[in-house]
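Residue numbers (this note's numbering), protein chains in the order written: chain A, 131 to 263; chain B, 177 to 323.
In structure tokens, the structure reads:
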């Protein structure tokens with residue numbers, strides 16, 4: 131009667147354990163990716179805020195964003211940088227988005243989750259600046 | 177033999193709530209707390225940088241040396257922390273000539289909180305006002321061609 135009983139019981143419990151383990155890993159990955167996206171967006175905005183002109187601000191922000199985001203589990207990460215008055219009273223706004231790949235989890239989760247981040251900071255008043263002619 | 181029936185089920189019935197669920201909750205709590213700590217550190221660094229830019233223009237004109245405007249430093253730090261991490265509080269803000277040190281803390285409840293209650297995170301950052309620039313400053317009254 132008890133032949134194979136343990137195997138059946140293990141088979142009954144294994145999915146629960148797997149869901150618990152995979153769910154934990156997926157949650158931690160999402161939290162990690164969200165923190166990374168916010169850190170990269172903040173770093174990009176901070177670099178853009180100290181740039182002398184809008185063109186170099188965009189270039190610097192994109193480079194910093196790419197460098198920071200590379201360490202996090204995100205794909206198709208995109209950064210959009212906009213400025214409101216590029217002068218001492220101005221503000222830089224960085225909007226970013228990226229996807230966390232969850233297709234490995236085999237759970238009933240979407241294949242990828244899209245995360246978004248937004249940072250708006252004032253331009254540095256004392257930054258170096260090339261006056262426009 | 178009948179006594180061995182259900183042993184695996186009983187094992188998991190004990191192990192899952194006592195070991196696996198707390199470990200999973202701890203893993204998620206740790207990740208969330210690390211994320212909050214990183215956010216607090218970033219906000220603190222941003223506040224210190226913003227505070228260290230509050231140049232006392234009157235001191236430059238009267239004495240010729242770099243100095244920070246204490247009131248503006250405090251205002252900038254509070255404003256930056258309030259904007260970047262509204263739940264954080266500034267525990268201490270010290271100005272040493274041209275250097276600003278900001279200490280902040282934030283009380284964060286872990287999402288599951290199975291093993292511990294709310295945790296107080298701490299962060300500190302120091303920023304220093306230095307003279308010099310790569311290119312002529314926008315605040316300098318002469319055109320760049322002068323240099």
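Where a beta carbon is used, it is the ideal one built from N, C-alpha and C, also for glycine.
Cβ neighbour criterion (16 or more within 10 Å) applied to residue i
i: residue 248/A; result: exposed
i: residue 230/B; result: buried
i: residue 254/A; result: buried
i: residue 290/B; result: exposed
i: residue 244/A; result: exposed
i: residue 194/A; result: buried
i: residue 286/B; result: buried
i: residue 325/B; result: Any property of residue 325/B remains undetermined from this structure, which presents chain B solely from 177 to 323.
i: residue 194/B; result: exposed
i: residue 294/B; result: exposed
i: residue 236/B; result: exposed
i: residue 307/B; result: exposed
i: residue 267/B; result: exposed
i: residue 246/A; result: exposed
i: residue 154/A; result: buried
i: residue 164/A; result: buried
i: residue 298/B; result: exposed
i: residue 278/B; result: buried
i: residue 263/A; result: Per-residue confidence for residue 263/A stands at a pLDDT of 47, beneath the threshold of 50, marking its modelled position as unreliable; no derived number is given.
i: residue 141/A; result: exposed
i: residue 238/B; result: exposed
Within-8 angstroms CB hit, residue i to chain A
i: residue 204/B; result: yes
i: residue 238/B; result: no
i: residue 182/B; result: yes
i: residue 281/B; result: no
i: residue 374/B; result: Since the displayed chain B opens at 177 and closes at 323, residue 374/B lies outside it and no answer follows.
i: residue 291/B; result: no
i: residue 322/B; result: Unreliable positioning characterises residue 322/B in this predicted model, as indicated by a pLDDT of 47, which lies under 50. The coordinate reading is nonetheless provided below. Closer than 8 angstroms: no.
i: residue 297/B; result: no
i: residue 244/B; result: no
i: residue 294/B; result: no
CB contact check: residue i to chain B, cutoff 8 angstroms
i: residue 254/A; result: yes
i: residue 164/A; result: yes
i: residue 176/A; result: yes
i: residue 201/A; result: no
i: residue 236/A; result: no
i: residue 149/A; result: no
i: residue 146/A; result: yes
i: residue 169/A; result: yes
i: residue 136/A; result: yes
i: residue 154/A; result: yes
i: residue 239/A; result: no
i: residue 157/A; result: yes
i: residue 246/A; result: no
i: residue 140/A; result: yes
Worksheet item: How do the segment 260-267 of chain B and the segment 230-242 of chain B stand: do at least 3 beta-carbon pairs fall below 8 angstroms, yes or no?
Response: As far as the Cβ criterion goes, the segment 260-267 of chain B does not touch the segment 230-242 of chain B, which means the pair count is below three.
Worksheet item: Just by C-beta distance, which residues in the segment 264-275 of chain B are closer than 8 angstroms to chain A?
Response: Result list empty, no residue passes.
Worksheet entry | Near-chain B residues of the segment 207-231 of chain A (beta-carbon distance less than 9 angstroms), N- to C-terminal order | For the segment 207-231 of chain A, the set of residues with a beta-carbon nearer than 9 angstroms to any beta-carbon of chain B comprises 217 and 218, in chain order.
Worksheet item: Should the segment 146-166 of chain A be regarded as contacting the segment 202-215 of chain B, the criterion being three or more beta carbon pairs within less than 8 angstroms?
Response: With a cut-off of 8 angstroms on Cβ pairs, the segment 146-166 of chain A is in contact with the segment 202-215 of chain B, counting three or more such pairs.
Fill in: Runs of beta strand (DSSP E) wholly within the segment 154-215 of chain A (minimum 3 residues, chain order)
Whole beta strand (DSSP E) segments, 3+ residues: 205-214.
Item to complete: Mind checking the segment 188-218 of chain B against chain A and listing, in chain order, the residues whose C-beta falls within less than 9 angstroms of any C-beta there?
Response: 188, 189, 191, 192, 196, 197, 199, 200, 201, 203, 204, 206, 207, 208, 210, 211, 212, 214, 215 and 218
Worksheet item: Taking one C-beta from the segment 201-208 of chain A and one from the segment 250-260 of chain B each time, how about it: are there three or more such pairs within less than 8 angstroms?
Response: No, the segment 201-208 of chain A does not touch the segment 250-260 of chain B.
Discussion item. I'd like to know if the segment 213-228 of chain B and the segment 168-186 of chain A are in contact, where contact means that at least 3 CB-CB pairs between them fall below 8 angstroms.
Written reply: yes
Worksheet item: At what residue ranges does the segment 218-251 of chain A contain a whole run of the beta strand (DSSP E), taking only runs of 3 or more?
Response: 221-231
Discussion item. Extract the residue ranges of the alpha helix (DSSP H) inside the segment 181-236 of chain B, only unbroken runs of 4 or more that lie entirely within it.
Written reply: Within the segment 181-236 of chain B, the complete alpha helix (DSSP H) runs of at least 4 residues are 183-191 and 197-228.
Discussion item. Between the segment 230-237 of chain A and the segment 184-200 of chain A, can you find at least three pairs of beta-carbon atoms closer than 8 angstroms?
Written reply: no
Practice prompt. Could you run through the segment 182-201 of chain A and flag, in chain order, every residue whose CB is less than 9 angstroms away from some CB of chain B?
Written response: 182
Fill in: Whole runs of the alpha helix (DSSP H) within the segment 234-311 of chain B, excluding any shorter than 4 residues
Listed in chain order, the complete alpha helix (DSSP H) runs (minimum 4 residues) inside the segment 234-311 of chain B are 246-260.
Practice prompt. For the segment 219-226 of chain A and the segment 178-190 of chain A, state whether three or more C-beta atom pairs, one from each stretch, are separated by less than 8 angstroms.
Written response: When Cβ pairs closer than 8 angstroms are counted between the two stretches, the segment 219-226 of chain A is seen to touch the segment 178-190 of chain A, the count reaching three or more.
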